[in-house]
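Comments concern the structure below.
Residue numbers (my numbering), protein chains in the order written: chain A, 70 to 514; chain B, 70 to 514.
Shown next as structure tokens:
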């Protein structure tokens, strides 16, 4: 029989303990910031009927990117490619019973059939944060503040990222009232704006001309140029500046500035790919030229809950991804050094087996994370295992230690070694732990 | 357009915050016990090539129960129906680099296409705990001890469950040396033993006769009767008792008893469904007659890592499920009452908006989980939301409080209300939190 491959499925990752620690660190920060804003965790199934995405997620996701198949009962299902339709379904399912505003978050995995590349995987993890039931820019501001605090929690400073903000209602006014485009043309133009930074200027111009068509092309291009040259909101053309939704944008910026968020900028070219957005849209970008990418984004999507047969309810949310967060933290040297979650390794010497086994039980009962060597190997091999696993402390237990109940206690990061009683072992390990936890706490501003 | 269904996909569950709290409680206990034994967390992808399961998981899973499909690149993949093949692949992938014994755990979701029923869902969550590289019953004993501590951690006492233990090598000796069955007959007989408690005695007898065939049927039945009537290991027939693997079983029980585990019993009829087991197998059962079900099980499976082209390595593990754990805890009244993860709700009175917003930021900076009302609703509506969400504390902020910096602080579970400074609010909430965490700690024995 040919051997099976030991590689993970294309575009996905195995998380060995060393990688899992990084993942858990990021998840715990996500959890902390979400809960500090009063968001409660929920979960949804891996699979949804495909039609849930067909409704609003956009053609590209549904046609090209979903992992979709017929189940054994002939239902067309998809592995979730994103969370927003699922959480909208969840809210619709208990529309009457839930307390509003509802603040919800989840940490989950998703799949999209994409060409794997740096920062883009077929299976990916996201935090999803959503606020239901506040049809007001104060909700949008809360969500943007959370995005900001999320990066701050990891130790990021304001020059490391920028926040671009736009509004779908302003975009609509810009597309129809200012550029004079019909619905189909608007859609094409939004997609073109979305790709603006990925194509060169000539390509952008050619495609824009194609959308405007024969007649209005040159005038359209100069109007776009006027848009792009606006340095502040007030430089925008009057047709855009004067629209009703612009008042919302101004109010949003006022709240953000009052909350101390100064790195947000209005950007008329920010579109956000998904079809369901209806108001504020925003995106956080890494300012590092080496890692100049979108970190995460979100926005207002008022129409989704209503699709599931429930009375409509307004919603706003955002969703940072694990891999982009990891790349951001790595590029700004914000990732701490992680050690094993195991705190102590018990090396068993001759005649110490029973005593070591009891010591392991006693340490665990005190909450100490204890690995007991049960291999009967030579001492140096046992020590080598502890070091390779990066476990901070080693205790030696042989016949003598069983008798005296005093144990050689070695700190693996140094040459330090002392002989301690059970009580002192427990207190030494716990002291170190409290220090470590407060180190992480200090990162949260 | 017809409304989409707000129901989750058949056989799966939505976890609203109230259900997610229960899930998180169980996950955190799993995590705690696993880490206290020195196990480190890992993760694997949702999808694996189908052939990974075809090798060893058993026909039923592969043919009838997997969610399997061709991906867009014509690879036959399956949503993982269990973890053991994946973790074996993971170990094989870094066979040389890893430190042994390797102690690994994961908490993950799986899918099987089964008829949904109480305690059985199409998407289900499991803890998987595996120890690689110790070819000795001491490893089996450690794994069984962990299963035992897992139930104890939730507050279970020894009369609530029993542990049945068997050994695949003993089973093989019993099937061939004692019952005189060939390989094909042995396989059928194992499946029959596995169903023993689900069918009636006459049915069992008829099917057993069918397996023995014309000649040896009656003698075979009386041999089975002799097996089943054995009350202790020593009552077993000599052909079984005398086999080499029986020494392993005895040694395992000696270690278990020395570790204080007295509820384990040898049970020659315990088979465990999966094909890959090679030595010790065990299963924990609820003793409650209302919930008389298998809680979880595991065993030794030495042959899996080698399938992935790596040098073989011995392995033993077990995997409790979320839903069975939840049913067990519910039936024995071991589930605590959970409240919102949010600690305080800020009710905003007239003129208090800016002060409330600042107070929310300051509380969050202190790590207090704070929900801020941004709705401008009447006071009673805001209070109602806090109560409906089961948030333990409410703080009121209006113009007067903004001025005095003293805030009415209400305990929602009682009529208690006092006026506190910011510092007193923080310390009151933190005191309660430490108490709550130590309550949970006390559950771990």
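Cβ atoms here follow ideal geometry from the backbone N, Cα and C, with glycine treated the same way.
What would DSSP say about residue 477 of chain B, mapped onto helix, strand or coil?
If you number the second chain from 1, residue 477 of chain B lands on position 408. It is a strand residue.
At which residues does the alpha helix (DSSP H) containing residue 89 of chain B begin and terminate?
Taking the second chain and counting its residues from 1, one reaches residue 89 of chain B at position 20. It spans 86-105 - the alpha helix (DSSP H) in which residue 89 of chain B sits, taken as one unbroken run.
When burial is assigned at 16 or more other CB atoms within 10 Å of the CB, is residue 181 of chain A buried or exposed?
Position 112 of the first chain holds residue 181 of chain A. Residue 181 of chain A should be labelled buried.
Quick test of the definition: if touching needs 3 or more C-beta pairs under 8 Å, does the stretch 437-457 of chain A touch the stretch 485-493 of chain A?
Output reads no: the stretch 485-493 of chain A does not touch the stretch 437-457 of chain A.
Assign residue 146 of chain B to one of two classes, buried (16 or more other C-beta atoms within 10 Å of its C-beta) or exposed (fewer than that).
One-based indexing of the second chain puts residue 146 of chain B at position 77. So residue 146 of chain B ends up on the buried side.
Does chain B have any CB closer than 8 Å to the CB of residue 129 of chain A?
Looking up residue 129 of chain A in the first chain gives position 60. Output row for residue 129 of chain A: interface = no.
Does the stretch 114-133 of chain B come into contact with the stretch 143-162 of chain B, if we say contact requires no fewer than three beta-carbon pairs (one atom in each stretch) closer than 8 Å?
Segments in contact, yes.
Take residue 433 of chain B and list the residues in its own chain whose beta-carbon comes closer than 6 Å to its own, dropping the five residues that flank it on each side.
Position 364 of the second chain, counted from the start, is the residue given in the question as residue 433 of chain B. Excluding sequence neighbours, residue 433 of chain B sits near 439.
When the distance is taken between beta carbons, is residue 152 of chain A closer than 8 Å to residue 388 of chain A?
Your numbering for residue 388 of chain A matches position 319 in the first chain. Your numbering for residue 152 of chain A matches position 83 in the first chain. In contact: residue 388 of chain A and residue 152 of chain A (Cβ atoms closer than 8 Å).
Taking CB distances under 8 Å as the criterion, tell me whether residue 299 of chain B reaches chain A.
If you number the second chain from 1, residue 299 of chain B lands on position 230. No - not a single Cβ of chain A is within 8 Å of the one on residue 299 of chain B.
Using a Cβ-Cβ cut-off of 7 Å (strictly less than) and excluding sequence neighbours within five positions of residue 509 of chain B, which residues of its own chain qualify?
Position 440 of the second chain, counting from 1, holds the residue named residue 509 of chain B. Its pLDDT being 46, under 50, residue 509 of chain B is placed unreliably in this model, and the value from its coordinates should be taken loosely. Taken in chain order, the list of residues that qualify is empty.
Quick one, which of A:201, A:134 and A:192 has its alpha-carbon nearest residue 158 of chain A's?
Position 89 of the first chain, counting from 1, holds the residue named residue 158 of chain A. Of A:201, A:134 and A:192, the residue nearest in Cα terms is A:201.
On the DSSP letters alone, give me the boundaries of the alpha helix (DSSP H) that residue 152 of chain B sits inside.
The sequence position of residue 152 of chain B within the second chain is 83, counting from 1. Counting along the chain, residue 152 of chain B falls outside any alpha helix (DSSP H), and DSSP gives it neither H nor E.
Here's the rule: buried if 16 or more other CB atoms are within 10 angstroms of the residue's CB, otherwise exposed. What is residue 109 of chain A?
Residue mapping note: residue 109 of chain A aligns to position 40 of the first chain, counting from 1. Answer is buried; the Cβ neighbour count reaches 16.
Enumerate in chain order the residues of its own chain whose CB-to-CB distance from residue 361 of chain B is below 8 Å, with the five nearest sequence positions on each side excluded.
Counted from its first residue, the second chain places residue 361 of chain B at position 292. Excluding sequence neighbours, residue 361 of chain B sits near 354 and 355.
In chain B, what lies closer than 8 Å to residue 391 of chain A by C-beta?
Counted from its first residue, the first chain places residue 391 of chain A at position 322. Correct list: empty, because the minimum Cβ distance to chain B is about 11 Å.
Please go through the same chain and pick out, in chain order, the residues whose beta-carbon is closer than 6 Å to the beta-carbon of residue 435 of chain A, but skip the five residues on each side of it.
Residue numbering aside, residue 435 of chain A sits at position 366 when the first chain is read from its first letter. Excluding sequence neighbours, residue 435 of chain A sits near 495.
Distance cutoff 8 Å, beta carbons only. Does residue 178 of chain B sit that close to anything in chain A?
Here residue 178 of chain B refers to the residue found at position 109 when the second chain is read from its first residue. Yes, its Cβ sits closer than 8 Å to a Cβ of chain A.
Which value, in whole angstroms, describes the spacing of the CA atoms of residue 514 of chain B and residue 341 of chain B?
Taking the first residue of the second chain as 1, we reach residue 514 of chain B at position 445. Taking the first residue of the second chain as 1, we reach residue 341 of chain B at position 272. Residue placement at residue 514 of chain B is poorly supported in this model, since its pLDDT is 28, which falls under 50; the coordinates still yield a value, given next. If I take the Cα positions, the gap works out to 29 Å.
Using a C-beta to C-beta distance shorter than 8 Å, which residues of chain A count as neighbours of residue 443 of chain B?
Taking the first residue of the second chain as 1, we reach residue 443 of chain B at position 374. Simply 170, 203, 205, 207, 208 and 211.
Assuming residue 461 of chain A and residue 484 of chain A are in contact, meaning their beta carbons sit under 8 Å apart, how far apart are those beta carbons, in whole angstroms?
Indexing the first chain from 1 puts residue 461 of chain A at position 392. Indexing the first chain from 1 puts residue 484 of chain A at position 415. Incorrect: roughly 14 Å between the Cβ atoms, too far for contact.
Using CA coordinates, which residue listed in B:235, B:98, B:236 and B:220 is at the minimum distance from residue 229 of chain B?
Position 160 of the second chain, counted from the first residue, corresponds to residue 229 of chain B. Residue B:220 is the option with its Cα nearest to residue 229 of chain B.
Quick check: the stretch 260-275 of chain B against the stretch 321-340 of chain B, are at least 3 beta-carbon pairs closer than 8 Å?
A contact exists between the stretch 321-340 of chain B and the stretch 260-275 of chain B.
How would you label residue 297 of chain B, buried or exposed, when you count the other beta carbons within 10 angstroms and need 16 or more for buried?
Residue mapping note: residue 297 of chain B aligns to position 228 of the second chain, counting from 1. Answer is exposed; the Cβ neighbour count stays below 16.
Could you name the residues that DSSP lists as bridge partners for residue 387 of chain A?
Mapped onto the first chain, residue 387 of chain A falls at position 318. Beta-bridge pairing links residue 387 of chain A to A:198 and A:367.
At the level of alpha carbons, what is the spacing between residue 463 of chain A and residue 204 of chain B?
Counting from 1 along the first chain, the entry for residue 463 of chain A is found at position 394. Counting from 1 along the second chain, the entry for residue 204 of chain B is found at position 135. Cα to Cα, the separation comes out at about 23 Å.
Does any C-beta atom of chain A lie closer than 8 Å to the C-beta of residue 77 of chain B?
Translated into positions along the second chain, residue 77 of chain B becomes position 8. Chain A contact via Cβ: present.
Assuming residue 421 of chain A and residue 455 of chain A form a contact by the criterion Cβ under 8 Å, report the distance between their Cβ atoms to the nearest whole angstrom.
Numbered from its first residue, the first chain carries residue 421 of chain A at position 352. Numbered from its first residue, the first chain carries residue 455 of chain A at position 386. Wrong, their Cβ atoms sit about 15 Å apart, outside the cutoff.
Do three or more CB pairs link the stretch 358-372 of chain A to the stretch 392-400 of chain A at distances below 8 Å?
Taking 8 Å as the limit for Cβ pairs, the verdict is that the stretch 392-400 of chain A does touch the stretch 358-372 of chain A.
Could you list the residues in the stretch 369-395 of chain A with a C-beta less than 8 Å from some C-beta on chain B, going in chain order?
So the close ones are 376, 377, 378 and 379.
Under 8 Å, Cβ to Cβ, is there at least one residue of chain B near residue 511 of chain A?
Counted from its first residue, the first chain places residue 511 of chain A at position 442. At residue 511 of chain A the pLDDT is 39, less than 50, meaning the model places this residue with poor confidence; the figure from the coordinates comes in the next sentence. No - not a single Cβ of chain B is within 8 Å of the one on residue 511 of chain A.
Tell me whether the beta-carbon of residue 401 of chain A lies closer than 8 Å to the beta-carbon of residue 161 of chain A.
Locating residue 401 of chain A in the first chain gives position 332, where the first residue counts as 1. Locating residue 161 of chain A in the first chain gives position 92, where the first residue counts as 1. Not a contact, by the Cβ cut-off of 8 Å.
Between residue 181 of chain B and chain A, is any beta-carbon pair separated by less than 8 Å?
Counting from one through the second chain, the residue named residue 181 of chain B turns up at place 112. Closer than 8 Å: no.
I'd like the span of the alpha helix (DSSP H) that includes residue 318 of chain A, first residue to last.
Translated into positions along the first chain, residue 318 of chain A becomes position 249. Where residue 318 of chain A is concerned, the enclosing alpha helix (DSSP H) stretches over 314-327.
So what's residue 500 of chain B in DSSP terms, helix, strand or just coil?
For the purposes of this step, residue 500 of chain B is taken as the residue at position 431 of the second chain. DSSP places residue 500 of chain B in helix when its eight states are reduced to three.
My parser needs the alpha helix (DSSP H) runs of 4 or more residues fully inside the stretch 385-448 of chain A; what are they?
Qualifying alpha helix (DSSP H) stretches, in chain order: 391-400 and 422-434.
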